[in-house]
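Before any comments, here is the structure.
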Amino acid sequence: MVLAIDIGTTTCKAALFDRFGNLQQLAKVPVAIHSDSNGAQETAPRYWSAAVASLCDELQSKGTVRSVVVSGNGPTVVPVFAEPTLFDGLLHAQTGMARLWLDRRAVAEATEISKMTGSFVDASFVLPQVLHLSRTEPATYAKTRTFLSSCEYVNYLLTGEVRAILHADDALRWYWTDAVLDHFGLDKDK
348 MVLAIDIGTT TCKAALFDRF GNLQQLAKVP VAIHSDSNGA QETAPRYWSA
398 AVASLCDELQ SKGTVRSVVV SGNGPTVVPV FAEPTLFDGL LHAQTGMARL
448 WLDRRAVAEA TEISKMTGSF VDASFVLPQV LHLSRTEPAT YAKTRTFLSS
498 CEYVNYLLTG EVRAILHADD ALRWYWTDAV LDHFGLDKDK
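Residues 348 to 537, numbered by the numbering used here, are exactly what the sequence shown covers, in order.
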């Protein structure tokens, strides 16, 4: 069996497929979003942890799960402060709020980056979101060990490994380069 997990914007979904790709079971759990008049669109990553645990409990495997696939909404930025731990029976990591792809607070940073790079950069992209966070929440930026997307965060919980996933071969032009990170004083190790 293949367990497929999708971290959606407002709903987490999980499905079990047999080895031929036939859907065996499907489950969904809603996830709360916090928004405000300043353009913030956030969620707490612990909601994803709880949703994944609930989904796995709900799905009754008809066989051994041999692989897990995780997809997610994005670009979404999760500032991760510490390694995953068990808390109240759930695996999660200490994080700041996840800035969803709908978040519009980084419009000025996106414009600034677009002018510097000569490429269109939207406020939802990772680099303007991180730059905005570094400017408006310096304490959160300082304690962040790494920034992950929604699916990277769930994969981190499942494996303990930090890995970045790019959506396309040429995606770096929308994310970061050493020159851009250096220009804006951002830590490339994060």
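Even for Gly, the Cβ is constructed at its ideal location relative to N, Cα and C.
Can you tell me where the alpha helix (DSSP H) holding residue i begins and where it ends?
i: Ile354; result: First-last for Ile354: 349-354, but that is the beta strand (DSSP E), not the alpha helix (DSSP H).
i: Phe494; result: Not the alpha helix (DSSP H): Phe494 falls in the beta strand (DSSP E), residues 493-495.
i: Ala361; result: It is not in any alpha helix (DSSP H) - Ala361 instead sits in the beta strand (DSSP E) that spans 358-364.
i: Leu474; result: 473-483
i: Pro392; result: 392-405
i: Val454; result: 454-464
With a threshold of 6 Å on Cβ separation, who are the neighbours of residue i within its own chain once the five nearest residues in sequence on each side are excluded?
i: Gln476; result: Val424, Arg446, Ala453
When we look at the beta-carbon of residue i and count the other beta-carbons within 10 Å, is it buried (16 or more) or exposed?
i: Ala398; result: buried
i: Val412; result: exposed
i: Thr442; result: buried
i: Glu508; result: exposed
Measuring straight from C-alpha to C-alpha, what distance separates residue i and residue j?
i: His479; j: Ala515; result: 24 Å
i: Asn420; j: Val378; result: 12 Å
i: Val473; j: Trp448; result: 9 Å
i: Trp523; j: Asp517; result: 11 Å
Nearest to residue i by alpha carbon, out of the options?
i: Lys375; options: Leu433, Leu406, Phe428, Leu495; result: Leu406
i: Thr464; options: Gly507, Asp525, Glu430; result: Asp525
i: Val416; options: Ile380, Gly386, Leu438, Gly368; result: Gly368
Hey, could you find the ends of the beta strand (DSSP E) residue i is sitting in?
i: His439; result: 437-439
i: Leu370; result: 370-377
i: Val416; result: 414-419
CB-CB under 8 Å to residue i, same chain, minus the five flanking residues each way: which ones, in chain order?
i: Met348; result: Leu363, Phe364, Asp365, Arg366, Gln371, Ser408, Lys409, Gly410, Thr411, Val412, Arg413
i: Ala440; result: Pro392, Val427, Phe428, Ala429, Glu430, Pro431, Thr432, Tyr500, Tyr503, Leu504
Who are the near neighbours of residue i in its chain, counting only those whose CB is closer than 7 Å to its CB and skipping five residues on each side?
i: Arg533; result: Per the sequence shown, the amino acid found at residue 533 is Leu instead of Arg. Val477, Leu478, Ser481, listed in sequence order.
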